[in-house]
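As structure tokens, the structure follows; a few thoughts come after it.
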């Protein structure tokens, strides 16, 4: 399978995934990232074993239905000549507003990549520090002990205390890591769908799982390594993750807390890459008779395995054994606290901790790269088919806003305010809104019956009719309740109010960057839609407005 320079609907050739395994690993790679090995353990630490109940409920009722709908819409658009979300939505929703939806679907992955590559560099920096035995966070530097020193090292490294600190002399190493991560992502994305994304994921994902299994075996064979606290062993660590414990009240009463359901749903969104604009793009490269249902379920299941069976079982028992229950719960669900501050202290106490510290953060780095390259592909596909650019030209154009974004995040590093702001408006609010929009388009524009037919085409597993109820009724209602609850909490909140925070300078900088991306990509989407209408009028491509009632193209050879 070879790549072609253009993914345009007018192009004589089209791109497809080379193998089913390739697409499963690529989609799983886009989902498997820091959310699996850092964010999920942090959420489970905050809520305890009770968290697993709403987590699995959200996976079944929200995760799988939305994943299926995105795969079905993606292949539906791909069979009609489009690979980008703006192109696909131009045929699924041929009405006013499609340019805004298209711009929104590009803003999210490109914007998230802008700061994700910075976090990716943290993982690489930690892995290299462990590899060469110079990880200062593992040495007790003060009376606060190793936990304090690990936290101090991390906060200094990312410039948490002062804006621009990363660009000082001490930040040269991290800047080099950022530059390397930025470059490796561009190289892989320029190489194309098959020689870049699929090739990398086909070796990176098995290597990632192998490394994770090595670390997991080491954690599960720790026994009771802390002589002064023999009760802190692997079994009690596993119990902390899996056993519901309501403390003084019955554990089931905690399920009445809306916050835990919101946290679980947010984790499913973040983990499965729902509403990111990536799955729709990836699924468009499937052939007409490729199995969508089985491939999408396998990719989602693979992601869940990496998250629960690898990420959760590695991190939670380890920090429970070496830090104790009080310190574990004191992390408060902090992603940074769990991943980059607490774990170095764990590896400092663990036998052969330097080796396993390197393996774990190298694992995080691989997971981050498989995710970050997927965030660039939607924008590349759009610039190819919407503006008829060659792939390296499209990559060069995307490098500009993403470089601006990562520079803003690194410069305004004090308290990581800009990173947090961009992350919220894109990875929480933005993803939610796009996922909800996609559900509505699937239900009311494509139609449940036609959507299920698209999902079943080529399927080797049966798709029952009640899946349509999940996609068209249950999932939208579930998300609506969550959004209304969040909006009420924000309106009535005196602390942590995202709207009030916009009055702060750094917060406004981050929000302004998000808004600029939305305006820019919406404008480009509008230009592309005009081009496609002109091409259709000239008879060069099928009319996108008639795609819902026309037969798809036959697969190109």
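Residue numbers (my numbering): 1152 to 1708. Cβ atoms here follow ideal geometry from the backbone N, Cα and C, with glycine treated the same way. Here the structure is a predicted model, which means the values were calculated and not measured.
Here residue 1567 is near residue 1311, since their CB atoms are less than 8 angstroms apart. Look at residue 1550 here: in three-state DSSP terms it is helix.
Within the segment 1616-1671, the alpha helix (DSSP H) runs of at least 4 residues that lie entirely inside it are, in chain order, 1617-1620, 1626-1643. For residue 1588, the uninterrupted alpha helix (DSSP H) run begins and ends at 1582-1591, by DSSP. Excluding sequence positions up to five before and after residue 1636, its CB lies within less than 6 angstroms of the CB of 1409, all in the same chain and listed in chain order. For residue 1614, same chain residues with a beta-carbon under 6 angstroms away, outside a window of 5 residues either side, are 1444, 1606, 1607 in chain order. Counting along the chain, the unbroken alpha helix (DSSP H) around residue 1197 starts and ends at 1191-1198.
Fewer than three pairs of CB atoms, one per stretch, sit closer than 8 angstroms, so the segment 1372-1381 makes no contact with the segment 1191-1200. Closest option to residue 1251, judged by alpha-carbon separation, among 1678, 1231, 1691: 1678. Across the set 1467, 1422, 1465, 1412, the C-alpha of 1422 shows the shortest separation from the C-alpha of residue 1454. Annotation: residue 1316 is outside any alpha helix (DSSP H) and is labelled neither H nor E by DSSP. DSSP places residue 1384 in the coil class of the three-state scheme, outside both helix and strand. When Cβ pairs closer than 8 angstroms are counted between the two stretches, the segment 1543-1554 is seen not to touch the segment 1314-1329, the count staying below three. Across the structure, residue 1642 and residue 1648 are spaced so that their CA atoms are roughly 7 angstroms apart.
Residue state for residue 1428 is assigned as coil, using DSSP reduced to three classes. Here the segment 1530-1541 makes no contact with the segment 1346-1365; the two share fewer than three CB pairs at distances below 8 angstroms. In the three-state reduction of the DSSP assignment, residue 1574 falls in the helix class. The criterion of a C-beta distance shorter than 8 angstroms is satisfied by residue 1676 and residue 1254. Residue 1237 sits in a helix when the DSSP states are folded into three classes.
Contact annotation: residue 1426 and residue 1583 have beta-carbon atoms nearer than 8 angstroms.
When secondary structure is reduced to three states using DSSP, residue 1379 falls in the coil class, being assigned neither helix nor strand. Of the residues assessed, residue 1279 falls on the buried side of the cut-off, its CB having 16 or more other CB atoms within 10 angstroms.
A residue is called buried once 16 or more other Cβ atoms fall within 10 Å of its Cβ, and residue 1231 is buried on that count. Between residue 1668 and residue 1329, the C-beta gap is not smaller than 8 angstroms, which leaves the two residues out of contact. In this structure, DSSP gives residue 1611 a state outside helix and strand, which the three-state scheme calls coil. According to the DSSP assignment, residue 1499 belongs to the alpha helix (DSSP H) that extends over 1494-1500. By the CB criterion at 8 angstroms, residue 1447 and residue 1222 fall inside the cutoff.
Taken atom to atom, the span from the alpha-carbon of residue 1580 to that of residue 1229 is near 27 angstroms. Membership of residue 1226 in the alpha helix (DSSP H) is indicated by the continuous run 1215-1229. The residue from 1670, 1620, 1415 with its alpha-carbon nearest to that of residue 1208 is 1415. Here residue 1314 has 1562, 1563, 1564, 1565 as same chain residues with Cβ atoms under 7 angstroms from its own Cβ, once five neighbours each way along the sequence are excluded. Distance from the CA atom of residue 1671 to the CA atom of residue 1380, rounded to whole angstroms, is 57 angstroms.
When DSSP states are grouped into helix, strand and coil, residue 1532 belongs to the helix group. With contacts defined as CB atoms closer than 8 angstroms, residue 1178 and residue 1433 qualify as a contacting pair. Taking all protein chains in view, the Cβ of residue 1656 is surrounded by fewer than 16 other Cβ atoms within 10 Å, so the residue is classified as exposed. For residue 1169, there is no enclosing alpha helix (DSSP H), as DSSP gives it neither H nor E.
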